[in-house]
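Notes follow once the structure below has been shown.
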Amino acid sequence: MTNRWNLPDLGLGLGLRAPHYEYVLEHEPELDWFEIISENFLVAGGWPLHVLDRVAERYPIAMHGVSMSIGTTDPIDHDYLVRLKALAERCQAKWLGDHICWTGVAGKNTHDLLPVPYTEESLRHVVERVRIVQDFLERPLVLENPSTYVEFGHSSMPEEQWIARLLEEADCALLLDVNNVYVTAKNHGLDMKAWLDAIPYDRVVQVHIAGHTNKGTHIIDTHIGPIVDEVWELYADVMQRTGNCSTLLEWDAEIPAFGVVEAELKKALVHRVGSSVQP
Amino acid sequence: MSHGLTLDRFEHWMQEVILSPLGVEAAVARFADEFGISPTEFEQLVPAGPELTGAERLGIYARMIGLRFMESMDEDFLGVIALVGKPRFRELAEQYLLDQPSRAHSLNQLGAGFADWLANTELELEHRELCSELARVERAILDVYEAPDAPTLSVDALLALPRDRWVETRFTPSPALQLFRCKYPTNAYLSDVFAGRSPEVPAPGESFLCVHRSNWRSSRTDLTREQHALLTALIAGAPLADAFAAALAEESADAEGLMATIGETFEDWTAKQFFRSAEL
Numbered sequence: 029m030t031n032r033w034n035l036p037d038l039g040l041g042l043g044l045r046a047p048h049y050e051y052v053l054e055h056e057p058e059l060d061w062f063e064i065i066s067e068n069f070l071v072a073g074g075w076p077l078h079v080l081d082r083v084a085e086r087y088p089i090a091m092h093g094v095s096m097s098i099g100t101t102d103p104i105d106h107d108y109l110v111r112l113k114a115l116a117e118r119c120q121a122k123w124l125g126d127h128i129c130w131t132g133v134a135g136k137n138t139h140d141l142l143p144v145p146y147t148e149e150s151l152r153h154v155v156e157r158v159r160i161v162q163d164f165l166e167r168p169l170v171l172e173n174p175s176t177y178v179e180f181g182h183s184s185m186p187e188e189q190w191i192a193r194l195l196e197e198a199d200c201a202l203l204l205d206v207n208n209v210y211v212t213a214k215n216h217g218l219d220m221k222a223w224l225d226a227i228p229y230d231r232v233v234q235v236h237i238a239g240h241t242n243k244g245t246h247i248i249d250t251h252i253g254p255i256v257d258e259v260w261e262l263y264a265d266v267m268q269r270t271g272n273c274s275t276l277l278e279w280d281a282e283i284p285a286f287g288v289v290e291a292e293l294k295k296a297l298v299h300r301v302g303s304s305v306q307p
Numbered sequence: 003m004s005h006g007l008t009l010d011r012f013e014h015w016m017q018e019v020i021l022s023p024l025g026v027e028a029a030v031a032r033f034a035d036e037f038g039i040s041p042t043e044f045e046q047l048v049p050a051g052p053e054l055t056g057a058e059r060l061g062i063y064a065r066m067i068g069l070r071f072m073e074s075m076d077e078d079f080l081g082v083i084a085l086v087g088k089p090r091f092r093e094l095a096e097q098y099l100l101d102q103p104s105r106a107h108s109l110n111q112l113g114a115g116f117a118d119w120l121a122n123t124e125l126e127l128e129h130r131e132l133c134s135e136l137a138r139v140e141r142a143i144l145d146v147y148e149a150p151d152a153p154t155l156s157v158d159a160l161l162a163l164p165r166d167r168w169v170e171t172r173f174t175p176s177p178a179l180q181l182f183r184c185k186y187p188t189n190a191y192l193s194d195v196f197a198g199r200s201p202e203v204p205a206p207g208e209s210f211l212c213v214h215r216s217n218w219r220s221s222r223t224d225l226t227r228e229q230h231a232l233l234t235a236l237i238a239g240a241p242l243a244d245a246f247a248a249a250l251a252e253e254s255a256d257a258e259g260l261m262a263t264i265g266e267t268f269e270d271w272t273a274k275q276f277f278r279s280a281e282l
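Protein chains in written order, with this note's numbering: chain A, 29 to 307; chain B, 3 to 282.
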């Protein structure tokens, strides 16, 4: 299945992170693509932008932000969108997106990905904002399902149903983070298969995989360490449903040498449809 | 309760609760009247999960936000931490973030106002002036790293300037350059801290410093009083002759020393990418 925008399956990619900048420039590793955290490059100049320019000459880039705050009730920040659009043009981003969340209100930024209650009101609100942002950016917004640690009593529908409706009603795309599905489902005692069954896969343009931290009573989406078997199983399931999809490994805490992260990513090969790689 | 809780009201309430230094349960009680959400209603709004109470679940966000903020401040202000100690630094950083919560898109900007806040906070603060100076220089190290790019004057271009017209030359500084006139040996203190040493609190003593970007990296170069005055004048747009005059007007200016090393000094500054251009 291809997505409805015919956005390409870029293959296997990694997040472009500061500890790896020099390695990537020097060794130009055999990797299909890189994802950037948009805000790390919304700067006036300097080394990060220089690195991005050089990496973008060699690799496809996707932009993934953390401060769009699509769910906030604050006004849309047009200055931020202008800068985002300029960065997308600069690095010729294949697509750009953020998270289904809000990060603050009353002008504050908590720098955390806070969940919205899954209500008709929040759905209408986010649908309207996604449409405005997409019109401005002139491209579909690729939004990621969040890891959540809390549920709200006034939610009127399950997360997956709210997200499926958002995708259809706002005509936007999903970055399906399978680790987030796992974390959220475990934290709230949800059925992962039911979650995945609700998603319209012609709107999935990218998949995230990552490690997490199991605290015993709950799981935190820390993007640390190797990926657990259950998440690989979810990933394989999603590859079946999408017929393969651009895949990105996130490793953001205690970041090891590039080769270690790359080796973890390559484990995804065996789970992709039509792969000749044996487990 | 739930039916009357708009998304806007809900977000304001949740933000107050998770950013409150009181902790979630106390914050729920604190904001109960303002938002019309009593502790009992809170249990319906944020129900318990399989393992955790509602307050514990919401507390995960509160804790992660606090940790992220403190990690960011810790990374950016090693010098201030060395001076006041980690526990006191954390107290100061927490109060700073309560007074000036982040409004930027990037966490990199979290400490942008910390130096001014340290200078002006009503909290009791030992070594206030040095503390604020350290924070200001440490912030500049971050700022020049991401400052706008610009062409740089090459040493060859500098040396190609006609000697007989040097005094007319105007040097345009790099946008990634900041000058400091400090009341303490601030750079020496920072150098010790960055080298992993534990320096004593220094006695007051004037020092001069340039924070700049060379080959993409933030660097610091100590200046003499005269060099600082000269660079300050150049940055203000003065031609070299006027900048010299400004330098020599400094109290106890070492005119001979300045003149004897000026060629070498300008070559060094140019190699360090202090200037974007030199024009007659």
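The beta carbon of each residue, even a glycine, is placed where N, CA and C say it ideally should be.
Distance, Cα to Cα, residue i vs residue j?
i              : j              : result
M3 (chain B)   : F12 (chain B)  : Below a pLDDT of 50, predicted positions are generally treated as unreliable, and M3 (chain B), at 45, falls in that range; no measurement from the model is reported.
L163 (chain B) : L53 (chain A)  : 36 Å
L169 (chain A) : A291 (chain A) : 30 Å
P284 (chain A) : F69 (chain A)  : 22 Å
S303 (chain A) : Y146 (chain A) : 38 Å
E172 (chain A) : S108 (chain B) : 19 Å
L115 (chain A) : T123 (chain B) : 37 Å
E53 (chain B)  : A29 (chain B)  : 22 Å
G285 (chain B) : G113 (chain B) : A question about residue 285 (chain B) goes unanswered here, because the residues of chain B that appear run from 3 up to 282.
S97 (chain A)  : T131 (chain A) : 5 Å
I191 (chain A) : I227 (chain A) : 8 Å
T234 (chain B) : R278 (chain B) : 15 Å
P47 (chain A)  : T8 (chain B)   : 43 Å
E282 (chain A) : N110 (chain B) : 19 Å
A25 (chain B)  : I62 (chain B)  : Just to set this straight, residue 25 (chain B) is Gly in the shown sequence, not Ala. Using only the alpha carbons, I get a separation of about 11 Å.
G287 (chain A) : E170 (chain B) : 55 Å
L277 (chain A) : A213 (chain A) : 20 Å
T263 (chain B) : Q229 (chain B) : 11 Å
L80 (chain A)  : D166 (chain B) : 43 Å
E85 (chain A)  : H14 (chain B)  : 43 Å
Using a threshold of 8 Å, state whether the C-beta atoms of residue i and residue j are closer than that.
i              : j              : result
V213 (chain B) : I143 (chain B) : yes
Y98 (chain B)  : F116 (chain B) : yes
Q215 (chain A) : I247 (chain A) : The question names Gln, but residue 215 (chain A) in the sequence shown is Asn. It is a contact, given that the beta carbons lie within the stated cut-off.
R59 (chain B)  : Y177 (chain A) : yes
Y87 (chain A)  : W123 (chain A) : no
P187 (chain B) : A149 (chain B) : no
L224 (chain A) : D249 (chain A) : no
Y263 (chain A) : V206 (chain A) : yes
Y229 (chain A) : R269 (chain A) : yes
K185 (chain B) : E202 (chain B) : no
I252 (chain A) : I237 (chain A) : no
L232 (chain B) : A245 (chain B) : yes
With DSSP as the reference, identify every bridge partner of residue i, one or two as the case may be.
i              : result
T174 (chain B) : B:S279
L276 (chain A) : A:G41 and A:H236
H214 (chain B) : B:L179 and B:S221
L151 (chain A) : Note: L151 (chain A) sits in no beta bridge, so no partner.
C184 (chain B) : B:S209
N242 (chain A) : A:I247
L142 (chain A) : A:W130
With respect to the alpha helix (DSSP H) encompassing residue i, which residues constitute its N-terminal and C-terminal limits?
i              : result
T234 (chain B) : R227 to I237
M29 (chain A)  : Premise fails: M29 (chain A) is in no alpha helix (DSSP H) and is neither H nor E.
P89 (chain B)  : K88 to D101
L69 (chain B)  : G56 to D78
W75 (chain A)  : W75 to R86
C119 (chain A) : No alpha helix (DSSP H) holds C119 (chain A); DSSP gives it neither H nor E.
M267 (chain A) : D257 to T270
W190 (chain A) : E187 to A198
W223 (chain A) : M220 to D225
Q17 (chain B)  : L9 to L21
G25 (chain B)  : Note, G25 (chain B): premise wrong, no alpha helix (DSSP H); not H, not E.
R138 (chain B) : R130 to Y147
D35 (chain B)  : A34 to F37
W119 (chain B) : F116 to N122
G259 (chain B) : A257 to A273
A159 (chain B) : V157 to L161
So the beta strand (DSSP E) residue i belongs to, where does it begin and stop?
i              : result
M91 (chain A)  : I89 to H92
D126 (chain A) : L124 to H127
W61 (chain A)  : W61 to I65
A201 (chain A) : A201 to D205
L171 (chain A) : L169 to E172
I think residue i touches residue j, with their Cβ atoms under 8 Å apart; what is that distance to the nearest whole Å?
i              : j              : result
D126 (chain A) : G93 (chain A)  : 4 Å
G39 (chain A)  : S184 (chain A) : Actually they are not in contact, since the Cβ atoms of G39 (chain A) and S184 (chain A) sit about 39 Å apart, beyond 8 Å.
A95 (chain B)  : M72 (chain B)  : 6 Å
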